[in-house]
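The listed protein sequences correspond, in order, to chains A and B.
With the first letter of the first sequence counted as 1, position 55 gets the number 84 in our numbering; the numbers rise by one all the way through.
With the first letter of the second sequence counted as 1, position 90 gets the number 120 in our numbering; the numbers rise by one all the way through.
Remarks on the structure that follows.
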Amino acid sequence: GIQVEQSPPDLILQEGANSTLRCNFSDSVNNLQWFHQNPWGQLINLFYIPSGTKQNGRLSATTVATERYSLLYISSSQTTDSGVYFCAVGKSGGSNYKLTFGKGTLLTVNP
Amino acid sequence: KAGVTQTPRYLIKTRGQQVTLSCSPISGHRSVSWYQQTPGQGLQFLFEYFSETQRNKGNFPGRFSGRQFSNSRSEMNVSTLELGDSALYLCASSLWGSYGYTFGSGTRLTVV
């Protein structure tokens, strides 16, 4: 199956700093999503981005499908950005209707 | 529109019992999939249903089963509970199961 690696595993920032989270995947995909897991466990969808670049406020994401990686940028971080960020990928067709998750990046933003 | 609804939110069961978890997808979504999250194994795929048919199944023992009803609501069942089944169980819905998954708040199961 597809392998997904996220880096770094842990990241500690001061409020106001910028950060880049990376997701590498081992096969071509037609679905890539970034999620933020809130303290209650819910996975909040940040971006659906199988290719290209998207921006939403202080967050943006870029996926280079041909090189099999995606980046999540967080600018001017806030304490509320703390939590675990997951990258998940998927393919369609056959037995592929599922998401494969990376192990996540635990982000801590200190005031 | 309403999101993905999972019930119950919390559950405590005893080893050997069975449990049923419920998931109501976003209206119009026909694909429902289930994931187990544990500190040791991370997020793992359990199974996916589309129009009442299981299309894909993860690498879990037969004690884990599921079904989907004609209104797209889904249930998963775990029989003969083991301590290792303690986890957060997350349900996701999608239009076709190929992209754009939305997750529910999860059911936190504790087996004692």
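Note that CB positions come from ideal geometry on N, CA and C, so glycine has one too.
Nothing here was measured: the structure is a model prediction, and the numbers come from that model.
Would you mind sorting residue i into buried or exposed? The rule is 16 or more other CB atoms within 10 Å of its CB.
i: Ala32(B); result: exposed
i: Gly133(A); result: buried
i: Val34(B); result: buried
i: Ile103(A); result: buried
Going by C-alpha to C-alpha distance, which of the options sits closest to residue i?
i: Ser135(B); options: Gly58(B), Trp64(B), Phe77(B); result: Trp64(B)
i: Thr108(A); options: Ser36(A), Asn47(A), Pro37(A); result: Asn47(A)
i: Asn86(B); options: Ser61(B), Gln36(B), Gly72(B), Ser102(B); result: Ser61(B)
i: Phe90(B); options: Gly114(B), Trp126(B), Ala122(B); result: Gly114(B)
i: Thr91(A); options: Pro68(A), Gly45(A), Leu50(A), Asn67(A); result: Leu50(A)
Is the Cβ of residue i closer than 7 Å to any Cβ of chain A?
i: Leu118(B); result: yes
i: Arg60(B); result: no
i: Glu78(B); result: yes
i: Asn89(B); result: no
i: Phe99(B); result: no
Where residue i and residue j are concerned, what is the direct C-alpha to C-alpha distance, given to the nearest angstrom?
i: Phe76(A); j: Gly96(B); result: 29 Å
i: Val108(B); j: Gly92(B); result: 9 Å
i: Thr140(B); j: Thr44(B); result: 8 Å
i: Lys83(A); j: Cys116(A); result: 15 Å
i: Val58(A); j: Ser105(A); result: 31 Å
i: Gly70(B); j: Pro38(A); result: 14 Å
Can you check whether the C-beta of residue i is within less than 7 Å of a C-beta belonging to chain B?
i: Ser121(A); result: yes
i: Lys132(A); result: yes
i: Gly81(A); result: no
i: Gly112(A); result: no
Is residue i helix, strand or coil when you go by DSSP?
i: Leu113(B); result: helix
i: Asp39(A); result: strand
i: Ala94(A); result: helix
i: Thr44(B); result: coil
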